[in-house]
Every structure is written in structure tokens, then in C-alpha cells.
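Only one structure is covered here, and it is reproduced in the block below.
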Amino acid sequence: MASNEIKILLMEEELVEFKECMKYQYGENYMENPEVVARIEVMENMIKILKEKNNER
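Start counting the sequence shown at 6; every next residue gets the next number (the working numbering).
Here it is in C-alpha cells:
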């Protein structure tokens with residue numbers, strides 16, 4: 006596995022864990038919290054960028 010592939014897998018795992026933590030902390034409506042939504046968007050965008058970068062190779 007290339008370094009970027011490992012980063013992608015780790016970030017995807019981190020995103021899942023973050024969502025679970027936010028659900029535990031804020032309840033079922035955790036996606037109504039603007040800070041949570043912003044953090045999730047940043048993580049998803051970082052994953053997207055890494056995937057695009059990985060596909061260029």
C-alpha cells in the first residue's frame with residue numbers, strides 16, 4: 006500500500022469514530038450542530054483531496 010492509501014484509510018476510520026463520538030456527545034441530532042458539520046466537511050474534503058492526489062499517480 007502506498008503512503009497516501011494508508012492516510013486515506015486512517016482518515017476514513019477517524020471520520021467514522023468522530024461521528025460516533027459526536028452522536029454520543031450530542032445525541033441523534035448531532036448534525037444540527039454547525040461546528041460538528043464543519044469538522045465533518047473538513048475531514049471529508051481532506052479525504053477527497055488525498056483520493057484525487059492518489060488517482061493522479
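In this text, a Cβ means the ideal position worked out from N, Cα and C, and glycines have one as well.
*Excluding five sequence neighbours on each side, which residues of the same chain lie with their C-beta closer than 8 Å to the C-beta of Ile13?*
Translated into the one-based positions of the sequence shown, residue 13 becomes position 8. Cβ neighbours of Ile13 beyond the five flanking positions: Ile52, Leu55, Lys56, Asn59.
*Would you mind sorting Val41 into buried or exposed? The rule is 16 or more other CB atoms within 10 Å of its CB.*
Counting from 1 along the sequence shown, the entry for residue 41 is found at position 36. Buried is the call here.
*Which of helix, strand or coil DSSP assigns to Asn59*: Within the sequence shown, residue 59 is the residue found at index 54, counting from 1. If DSSP states are grouped into helix, strand and coil, Asn59 belongs with the helices.
*Relative to the C-alpha of Val47, which residue among Lys28, Ile11, Asn34, Lys24 is closest?*
Along the sequence shown, one-based indexing puts residue 47 at 42. Val47 has its Cα closest to that of Lys24, out of Lys28, Ile11, Asn34, Lys24.
*Tell me whether Asn34 sits in a helix, a strand or coil according to DSSP, three-state version.*
In the sequence shown, counting from the first residue as 1, residue 34 sits at position 29. The answer is coil: DSSP assigns Asn34 none of H, G, I, E or B.
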